[in-house]
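Down below is the structure, laid out as C-alpha cells.
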Amino acid sequence: MRSVLIHLISAGAAFVAPVSGAVIYNNLTPNNLMAVASRPGTPSAFEIEAGDDFLLTGAGTINSASFVGLLVPGPTGGSISITDVVVEMYRVFPNDSGPPSVGRVPTRVNSPSDVAFASRDSAASDLSFNTSTLAASFTALNSVQPGGIHPIPNVQTNGNGPITGQEVQINVTFLTPFSLPADHYFFVPQISLSNGGTFYWLSASRPITGAGTTPINPDLQSWTRDDALDPDWLRIGTDIVGIPAAGGAAPTFNAAFSLDGTVAPEPSSAILLAVGVALLSLRKLLPNV
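Going by the working numbering, the first residue of the sequence shown is number 478, and it counts up by one from there.
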C-alpha cells in the first residue's frame, strides 16, 4: 500500500505541475494624477527609467504586457512615432546591487536594484508592439519631466506641473518571453519617440481597485531615476513631489500596466492538492481505508 500511495502522490504532484492563469498582474487603470518620463538612452537624449512593482508567487513566464501613457511632441513640434520599445525587469534592492551610496537619495529601501535582472528590446527583435489611442488629448495634473530628477539636497521639486499629450495604450508581445523565478519585481517600460518627443507613463489606482485588477501585498510605490542619478532611485511621490507646503502626507503613486503569462502554483498549494488527489484515489482503490 505504501508503494501505491507514493505513486499516487507523485501522480498528484504531476497533476498540479502545469502552470495556471493568464493574468499575472493587472492595474491597467490609468488616471490623471501623475505622468513620468521613461525612455532609453540615445545619442540625443539621456536615459530615464520609471518602474512599478509586481509579485510572482511562483516561477513564471511573462509573454505580454500592456501599459498606458502620453506621447508628447518635442520642442519643435511635428509628428511623432515610436522608434524603440524597451522593457526591463528589476528585482528589489539590495538584489543585483552594490553597497548603497551615501548622501545622494533619502533611501534605497524597497527601491529597484542597481541593475536590471532581465530586459527585452524591439531593436533587438526581442519584442513586437502595437498601440491604440485612448484619447487624442489628455492632461496629467503633475509630471516628472527630463531634467526633473535631482539628488540630495534638491530631491523635492513638487513635480514639474501639468503635461498634455496623446493618451495611448502600448501592447507588447515578448518574442523572447521573460522566464522569472518567484520574487518581487519592478516593471520598467521605456519608449523612444521620433522628432524629440517624450513618452510619459501614467499613474494608476493606489490602492489597486477596479474590475479585473490584481491587488498585491506589499504594493510598493513607483520609483524613477535618470543617467545622472544611476545607480540610485527616487520615489516619485514621497521624494520628488514630497510633502505639500500646506502640510499633510506626500502622495504615492502606482503606474498603469498589466502582465500576462503563466505562473506555477505556490509549492504549499501544490503539495496539498497532490496529497488530496492521492488520498481520494486511494479511497477508491481501498474502500476500507
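Note that beta-carbon positions come from the ideal geometry of N, C-alpha and C, so glycine has one too.
- Pairwise C-alpha distance: F676 and M566: Translated into positions along the sequence shown, residue 566 becomes position 89. Translated into positions along the sequence shown, residue 676 becomes position 199. Rounded to the nearest angstrom, the two C-alpha atoms are 19 Å apart.
- Query: So, are the CB atoms of V545 and Q646 less than 7 Å apart?
  - Reply: As a position in the sequence shown, residue 545 is number 68, starting the count at 1. As a position in the sequence shown, residue 646 is number 169, starting the count at 1. Yes, they are a contact pair.
- Task: Have a look at T506 and D737 and give me their C-alpha separation to the nearest angstrom.
- Result: Along the sequence shown, one-based indexing puts residue 506 at 29. Along the sequence shown, one-based indexing puts residue 737 at 260. Rounded to whole angstroms, T506 to D737 spans 16 Å at the Cα level.
- Message: For E524, report the span of its beta strand (DSSP E) as first-last.
- Response: On the sequence shown, residue 524 is found 47 positions in, with the first residue counted as 1. Taken as a continuous stretch (DSSP letters only), E524 belongs to no beta strand (DSSP E), as it is neither H nor E.
- Item | Nonlocal neighbours in the same chain, by C-beta distance under 7 Å from N503, ignoring five residues either side | Here residue 503 corresponds to residue number 26 of the sequence shown, with the count starting at 1. Taking N503 as the centre and dropping the five residues before and after it, the same chain places the C-beta of G689, T690, T691 and S735 closer than 7 Å to its C-beta, in chain order.
- Item | Whole runs of the alpha helix (DSSP H) within the region 594-644, excluding any shorter than 4 residues | The region 594-644 contains no whole alpha helix (DSSP H) run of 4 or more residues.
- Task: Classify A449 as buried or exposed, calling it buried when 16 or more other Cβ atoms lie within 10 Å of its own Cβ.
- Result: The chain is shown only over 478 to 766; residue 449 falls outside these bounds and no answer can be derived.
- Query: Which word fits A733, buried or exposed, when buried means at least 16 other C-beta atoms lie within 10 angstroms of its C-beta?
  - Reply: In the sequence shown, counting from the first residue as 1, residue 733 sits at position 256. A733 comes out buried.
- Task: Kindly indicate which residue of P576, T560, S596 and G642 has the alpha-carbon position closest to the one of N607.
- Result: Taking the sequence shown and counting its residues from 1, the one referred to as residue 607 is at position 130. Out of P576, T560, S596 and G642, T560 has the C-alpha closest to the C-alpha of N607.
- May I ask you to report which of helix, strand or coil DSSP gives V718? As a first step, residue 718 is located in the sequence shown; it is residue number 241 there, counting from the start. It is helical.
- Item | DSSP state of I693 mapped onto helix, strand, coil | For the purposes of this step, residue 693 is taken as the residue at position 216 of the sequence shown. Looking at I693 - three-state DSSP - the assignment turns out to be coil, as it is neither helix nor strand.
- Query: Does the region 615-632 come within contact of the region 517-529, defined as at least 3 CB pairs closer than 8 Å?
  - Reply: yes
- Query: What residue range is occupied by the uninterrupted beta strand (DSSP E) comprising V513?
  - Reply: The sequence position of residue 513 within the sequence shown is 36, counting from 1. Looking at the DSSP string, the run of the beta strand (DSSP E) that includes V513 is P507 to A514.
- Message: Tell me which residue opens and which closes the beta strand (DSSP E) that F664 is part of.
- Response: The residue given as residue 664 occupies position 187 in the sequence shown. First-last of the beta strand (DSSP E) with F664: D660 to L670.
- Can you tell me whether G575 is buried or exposed, with buried defined as 16 or more other CB within 10 angstroms of its CB? Here residue 575 refers to the residue found at position 98 of the sequence shown. That one is exposed.
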